[in-house]
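Asks: Can you read through this structure? Questions will come right after.
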Amino acid sequence: TQIIENVCENKDRALREYSKKFDGCSREAFMLSKEEIENAYNQVSQDDIADIKKAAENIRSFAQAQKGTLQDLPSFSPTEGAVLGHRVIPIKSCCCYVPGGRYPLYSSALMLAIPAKVAGVGRIVACSPTINGTDNIHPKTVVAMDIAGVDEIYALGGAHAIAAFTYG
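In the numbering used here, the protein residues as written are 951 to 1118.
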């Protein structure tokens, strides 16, 4: 509760304080630049990138098949005078929290962001903690987020990250 209240009250100042305290990260800008994302690809082997792309393709195919089973039900009448129904409507935006830090859990990026993209979520952001003592998310995680179609990537982890994306 204290972390949430601090983030709500002190915003980026609180985020920087917690990032330094918990991750040894001293970034000023939490959102990764296009150059940082491109640089991550240079730090990951071509074999690993190919494997991530193949996994993404499989996850995307399954998510599309799942989506095909979810249909609108415009009108159902269980009894005279009662009309029921539902619509499948994607949310406008979401944040995918990709745990990690020292150990890249990049499959989480794929499993979270790809189904959201397939569902039609308009804006997908993702955050992940930095490798402890650095200002960088593990490059495999960044590559996976990018391949998954994440729109914005943030170097931010922990309860303070969740508070920031929940409360603004």
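Don't be surprised by glycine CBs; every beta carbon is placed ideally from N, CA and C.
Note that this is a predicted model, so its numbers are computed, not measured.
Considering only residues of the stretch 989-1076, which uninterrupted beta strand (DSSP E) runs meet the minimum length of 3 residues and lie entirely inside it, listed in chain order?
Replies: Counting only runs of 3 or more, we get 1023-1029, 1032-1036 and 1043-1047.
Asks: Report the option in Asp1096, Lys1067 and Cys1077 whose CA atom is closest to the CA atom of Ala1109.
Replies: Out of Asp1096, Lys1067 and Cys1077, Cys1077 has the C-alpha closest to the C-alpha of Ala1109.
Asks: Would you please state the rounded distance, in angstroms, between the beta carbons of Pro1040 and Ala1069? I believe it to be under 8 Å.
Replies: That pair is a contact at about 5 Å.
Asks: Would you call the stretch 1059-1069 and the stretch 968-987 touching, i.e. three or more CB-CB distances under 8 Å?
Replies: No, because fewer than three Cβ pairs between the stretch 1059-1069 and the stretch 968-987 fall closer than 8 Å, the two stretches do not touch.
Asks: Can you tell me the Cα-Cα spacing of Arg1073 and Asn1082, whole angstroms?
Replies: Distance between the alpha carbons of Arg1073 and Asn1082: 28 Å.
Asks: Considering Cα atoms alone, identify which of Ala1005, Gln952 and Asp962 is closest to Ala1114.
Replies: Taking only the C-alpha atoms, the option nearest Ala1114 is Asp962.
Asks: What does DSSP give as the partner residues of Ser1078 in its beta bridges?
Replies: Note: Ser1078 sits in a beta bridge opposite Ala1105.
Asks: Answer with buried or exposed for Thr1029, where buried requires no fewer than 16 other C-beta atoms within 10 angstroms of its C-beta.
Replies: So Thr1029 ends up on the exposed side.
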